[in-house]
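Student:
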Amino acid sequence: MWMCLVALLSFHEFGHAWAAHKCGDDTARLMGRMTLNPIVHIDPIGTVLIPLMILLFDPGIAIFGWAKPVPVNPRNYGSRTRDDIFVSMAGPAMNVVLAVLIMVVYRLALELPIDVNEDAVVHKLGLVAFISMILCVFNLIPIPPLDGSHVMRHVIGMSEETYMRIAQYGFIILLLAINLFPQLFRIVGAVSIGVIKLLQTILMFN
7 MWMCLVALLS FHEFGHAWAA HKCGDDTARL MGRMTLNPIV HIDPIGTVLI PLMILLFDPG
67 IAIFGWAKPV PVNPRNYGSR TRDDIFVSMA GPAMNVVLAV LIMVVYRLAL ELPIDVNEDA
127 VVHKLGLVAF ISMILCVFNL IPIPPLDGSH VMRHVIGMSE ETYMRIAQYG FIILLLAINL
187 FPQLFRIVGA VSIGVIKLLQ TILMFN
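Under our numbering, think of the first position of the sequence shown as 7, with each following residue one higher.
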């Protein structure tokens, strides 16, 4: 599952880099971040330490994490507000697209003449889709440097300078939120499960 997480995070960051490129900012592309190569996206804490700690100490919960943020230069955007929101939401949107595609492949695989008992590897696809949705919903939390915080900044009219000052303590704020508000993760999990169940209904899983 850790390798699946790394792959999903790579797609997530690629989404940010691609969107920034489309908005006129080639910073990520020139720094080699507009790629699906997971090596360039790995963050020692978010991609390695946190997921492995979850697997070791609480394997019963869904694994999650984050990758190195894609570097962008908003000065290159055509519209700083519109494009900042677009680039920020491109990562979570990529995870939604992946979740849908994985569930479609899962559904098609069930129609093939292969072993599909309870222990069949094909059933892991549902879990991978769920993790992709976890990454999407988790990143929508409006805490810097998560993607949702960029939208929040524009909604409440926060200056870029104030945002950057808060963002430098973002990791600490995020850890505090995780520990002080465990219900936050229950909400993330509930929303993610809800989307997967909706896809199962649409794709007519038994």
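For every residue, glycine included, the Cβ atom is placed at its ideal position computed from N, Cα and C. Please read all numbers here as calculations on a predicted model, not as lab measurements.
#1: Over the uninterrupted alpha helix (DSSP H) stretch that includes residue 37, give me the two end residues.
#2: Mind checking residue 117: buried by the 16 CB within 10 Å criterion, or exposed?
#3: Exposed or buried, what is residue 104 when buried is set at 16 or more other beta-carbons lying within 10 Å of its beta-carbon?
#4: By how many angstroms is the C-alpha of residue 10 removed from the C-alpha of residue 16?
#5: Just the C-alpha distance for residue 163 and residue 82, rounded to the nearest angstrom, thanks.
#6: Is it true that the region 54–61 meets the region 123–136, where meeting means three or more beta-carbon pairs spaced less than 8 angstroms apart?
#7: Would you report the Cα separation of residue 22 and residue 74, rounded to the nearest angstrom?
#8: Enumerated in chain order, which unbroken segments of the alpha helix (DSSP H) with a length of 4 residues or greater are wholly contained in the region 140–164?
#9: Output yes or no for whether 7 angstroms exceeds the beta carbon distance between residue 160 and residue 87.
#10: Does the distance from the CB of residue 72 to the CB of residue 52 come in under 7 angstroms?
#11: Taking the Cβ atom as the reference point for each residue, do residue 79 and residue 33 lie within a distance shorter than 7 angstroms?
#12: Just checking, does the region 177–194 make contact with the region 89–106 on the three C-beta pairs under 8 angstroms criterion?
#13: Which residue wins for smallest C-alpha separation from residue 152, given the options 175, 109, 204, 37?
Tutor: Taking the coordinates as given:
#1: Run containing residue 37: none; DSSP gives neither H nor E here.
#2: exposed
#3: buried
#4: 10 angstroms
#5: 20 angstroms
#6: no
#7: Taking C-alpha positions only, residue 22 is separated from residue 74 by approximately 11 angstroms.
#8: For the region 140–164, whole alpha helix (DSSP H) runs of length 4 or above, ordered along the chain, are 153–162.
#9: yes
#10: yes
#11: Going by C-beta atoms, residue 79 is nearer than 7 angstroms to residue 33.
#12: no
#13: Per the Cα distances, 175.
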